[in-house]
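**Q** One structure is given below, represented as structure tokens, and several questions about it will come after.
Numbering (the working numbering), first residue to last: 133 to 243.
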């Protein structure tokens with residue numbers, strides 16, 4: 133969807149892609165259950181994601197410890213991009229550059 137509210141759809145034609153204005157609403161909206169989906173799928177997805185989070189937690193702690201021991205500054209990089217509807221949201225990721233590199237860079241990124 134563009135900022136003007138127009139939607140476009142793309143059709144693949146071999147190596148080419150044809151783009152045209154969409155005439156119908158999208159078939160599936162995010163977060164809307166698809167008719168025919170089993171009722172147990174959502175709880176299973178949540179349980180699997182929770183289990184994966186618990187299993188990977190030691191690795192996350194090791195990465196955070198290594199970042200803290202090898203460089204000054206915070207462990208996480210926080211950014212607030214603009215999302216759907218013009219709303220901002222925050223996301224966190226492990227810092228991979230020097231602290232404040234995005235504010236200091238004038239001719240490009242500082243690694």
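Ideal Cβ positions, reconstructed from N, Cα and C, are used throughout, including at glycine.
1) Taking the alpha carbon of residue 215 as the point to measure from, which residue in 208, 223, 209 has its own alpha carbon closest?
2) Quick check: the Cα distance between residue 169 and residue 211, rounded to an integer number of angstroms?
3) Report the residue from 204, 184, 178 whose alpha carbon sits nearest the alpha carbon of residue 228.
4) Once you ignore the five residues that flank residue 201 on each side, which residues in its own chain have a CB closer than 7 Å to its CB?
5) What are the start and end residues of the beta strand (DSSP E) that includes residue 210?
6) Taking the straight line between their C-alpha atoms, what separation do you get for residue 218 and residue 209?
7) Rounding to the nearest angstrom, what Cα-Cα distance links residue 179 and residue 206 in this structure?
8) Quick one, are the C-beta atoms of residue 194 and residue 226 less than 8 Å apart?
**A** Inspection of the coordinates gives the following:
1) 223
2) 35 Å
3) 204
4) none
5) 208–211
6) 22 Å
7) 31 Å
8) no
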